[in-house]
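Each remark here refers to the structure printed beneath this line.
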Amino acid sequence: IVINMQQKILLCSPEFFTVSYSINPWMKGEPVCQKTVMSQWLDLVVAISAAGGKTHLIEPQDGLPDMVFTANAGVVHEGKFVVSNMKHEERKRESAHFKEWFELNGYETLSVSHDLDFEGCGDVIVHKGNMIAGHGYRSDVLAHKEVANLLGLDLIDLELSDPRFYHLDTCFCIVGDNLAIYYPGAFADGEIEKLEGVLDLVPISEKDALLFVCNSLKIHDTLLIPTSQSDVETVLNEKGVKTQHVDVSEFLKSGGSIQCLSLRL
Ligand code: ARG
Numbered sequence: 043i044v045i046n047m048q049q050k051i052l053l054c055s056p057e058f059f060t061v062s063y064s065i066n067p068w069m070k071g072e073p074v075c076q077k078t079v080m081s082q083w084l085d086l087v088v089a090i091s092a093a094g095g096k097t098h099l100i101e102p103q104d105g106l107p108d109m110v111f112t113a114n115a116g117v118v119h120e121g122k123f124v125v126s127n128m129k130h131e132e133r134k135r136e137s138a139h140f141k142e143w144f145e146l147n148g149y150e151t152l153s154v155s156h157d158l159d160f161e162g163c164g165d166v167i168v169h170k171g172n173m174i175a176g177h178g179y180r181s182d183v184l185a186h187k188e189v190a191n192l193l194g195l196d197l198i199d200l201e202l203s204d205p206r207f208y209h210l211d212t213c214f215c216i217v218g219d220n221l222a223i224y225y226p227g228a229f230a231d232g233e234i235e236k237l238e239g240v241l242d243l244v245p246i247s248e249k250d251a252l253l254f255v256c257n258s259l260k261i262h263d264t265l266l267i268p269t270s271q272s273d274v275e276t277v278l279n280e281k282g283v284k285t286q287h288v289d290v291s292e293f294l295k296s297g298g299s300i301q302c303l304s305l306r307l
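Residue 43 is where the sequence shown starts when you use our numbering, and the numbers rise one by one after that.
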């Protein structure tokens, strides 16, 4: 019997989203249009539901503009939630709100040593007993070691080397059962090779990477991708990946896109 569990996604409304500080190279202070922000985010909510996902919401907080990027809240695995220690002061207050949400919703909440940086699913993907992680900008390897221990997963930690792709989810994405896309230029020499034999890897162009194609989100058999202009889409379609476009371009002004805006529960 195959039990097809509905994919659950935690989202946070962008009511208080803005670009008022700069903690990554994408945050140049370009003004965001509040109306476009809200309509793009609502399009994402609709697309997740249409693909068969169930959306859950956490209350946004005034003064925490990046809380909309729920991927960074922590890592969820089998009823456990390991809460993030955000690297930058500007985001540190988000964690208490996420911890509270997970406690109220019946998760066992865990944490890593307070002096270690850890930005949750920005830098971590759990895949079949492996914890694939990225470090170099936002999360410490030692934090990932603690998380892998807490969750009983085998750690494969990859060093990132391009500040434009400061989180693993900006340059690497699992798009099929055993299929992943990645942007080669974002990884230090020899790092991506650690995944050979674990996943089939398809490299994408710099153009696609800058369109945040690696920040796509797989909901059941649909891959939600943030652009209709990507080179790799037809390659993925030929490999049997069904794609759907969701434009969240306003959020790119903060260095985030579809996957950053969502957290798998
Ligand atoms: N402005 C946010 C930051 O720099 C964007 C976070 C994007 N999230 C992600 N999972 N890549 O922290």
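Cβ coordinates follow ideal geometry from the N, Cα and C atoms, glycine included.
All values derive from a computational prediction rather than experimental measurement.
Note down, in chain order, each residue of its chain lying with its Cβ closer than 6 Å to the Cβ of residue i, except the 5 sequence neighbours on either side.
i       : result
Ala-251 : Tyr-225
Glu-292 : Val-74, Thr-78, Val-79, Gln-82
Ala-230 : Glu-201, Ser-203
Glu-188 : Val-154
Lys-284 : Asp-263, Thr-264
Pro-67  : Pro-205, Arg-206
Val-183 : His-177, Asp-199
Which residues in the same chain as residue i place their Cβ atom closer than 8 Å to its Cβ, once the five residues preceding and following it in sequence are excluded?
i       : result
Ser-304 : Ile-51, Leu-52, Leu-53, Leu-86, Ile-90, Thr-112, Ala-113, Leu-259
Pro-245 : Ile-223, Tyr-224, Tyr-225, Pro-226
Leu-307 : Lys-50, Ile-51, Leu-52, His-98, Val-118
Ala-185 : Asn-127, Val-154, Ser-155, Leu-158, Asp-159, Phe-160
Glu-72  : Val-61, Lys-295
Please classify residue i as buried or exposed, where buried requires at least 16 neighbouring CB atoms within 10 angstroms.
i       : result
Glu-248 : exposed
Asn-220 : exposed
Gln-271 : exposed
His-156 : exposed
Asn-147 : exposed
Glu-150 : exposed
Asp-211 : buried
Leu-278 : buried
Gly-136 : The amino acid at residue 136 is misidentified as Gly; the sequence shows Glu. The residue is buried, with at least 16 neighbouring Cβ atoms inside 10 Å.
Leu-266 : buried
Ala-228 : buried
Taking residue i as the reference, which of the options has the closest Cα?
i       : options                            : result
Val-154 : Pro-56, Ala-115, Ile-234           : Ala-115
Gly-218 : His-130, Leu-243, His-98           : Leu-243
Ile-223 : Glu-275, His-262, Glu-120          : Glu-275
Asp-165 : Val-110, Ser-126, Lys-122, Leu-265 : Ser-126
Ala-190 : Ile-167, Lys-284, Tyr-63           : Ile-167
Tyr-179 : Leu-193, His-209, Leu-152, Ala-92  : His-209
Lys-134 : His-169, Glu-161, Gln-49, Val-117  : Glu-161
Asp-104 : Gln-49, Lys-129, Ser-55, Val-290   : Ser-55
Ala-92  : Gln-49, Lys-129, Lys-70            : Gln-49
Tyr-63  : Asp-108, Gln-76, Pro-102           : Asp-108
Val-288 : Pro-268, Gln-76, Gly-171, Thr-212  : Pro-268
Leu-253 : His-186, Gly-232, Val-290, Glu-238 : Val-290
Lys-236 : Ala-185, Leu-266, Leu-192, Gly-176 : Gly-176
Gln-286 : Asn-66, Gln-76, Val-88, Glu-72     : Val-88
Met-69  : His-169, Phe-207, Leu-266, Leu-84  : Phe-207
His-130 : Asp-273, Ser-181, Gln-76, Gly-71   : Ser-181
Glu-120 : His-186, Gly-232, Lys-170, Trp-143 : Lys-170
Trp-143 : Glu-101, Glu-238, Gly-232          : Glu-101
Leu-192 : Glu-72, Pro-67, Val-124            : Val-124
Leu-152 : Lys-122, Phe-140, Leu-84           : Lys-122
Residue i and residue j look like a contact to me (Cβ under 8 Å); what is the Cβ gap, rounded to whole Å?
i       : j       : result
Lys-295 : Val-61  : 5 Å
Met-173 : Leu-195 : 4 Å
Phe-214 : Cys-163 : Rounded, the Cβ-Cβ distance is 12 Å, inconsistent with contact.
Ile-198 : Val-240 : 7 Å
Phe-58  : Leu-106 : 7 Å
Gly-95  : Ile-261 : 4 Å
Ile-216 : Glu-132 : So it is not a contact: roughly 29 Å between Cβ atoms.
If you measure from the beta carbon of residue i to each beta carbon in chain B, is any gap under 7 Å?
i      : result
Val-88 : In the structure shown, chain B does not exist; there is a single protein chain.
Enumerate in chain order the residues of its own chain whose CB-to-CB distance from residue i is below 7 Å, with the five nearest sequence positions on each side excluded.
i       : result
Gly-298 : Phe-111
Is residue i near the ligand HEM, judged by its Cβ being under 6 Å from some heavy atom?
i       : result
Asp-182 : Although the ligand HEM was asked about, the structure shown includes only the ligand ARG as ligands.
Within the stretch 254-281, ranges of the alpha helix (DSSP H) (whole runs, at least 4 residues) | 275-280
May I have a chain-ordered list of the beta strand (DSSP E) segments no shorter than 3 residues that lie completely inside the stretch 92-176?
-> 96-100, 116-119, 122-125, 150-153, 166-169
Taking the runs of the beta strand (DSSP E) that are 3 residues or longer, which of them lie wholly in the stretch 184-265?
-> 196-201, 214-216, 221-224, 242-245, 259-261
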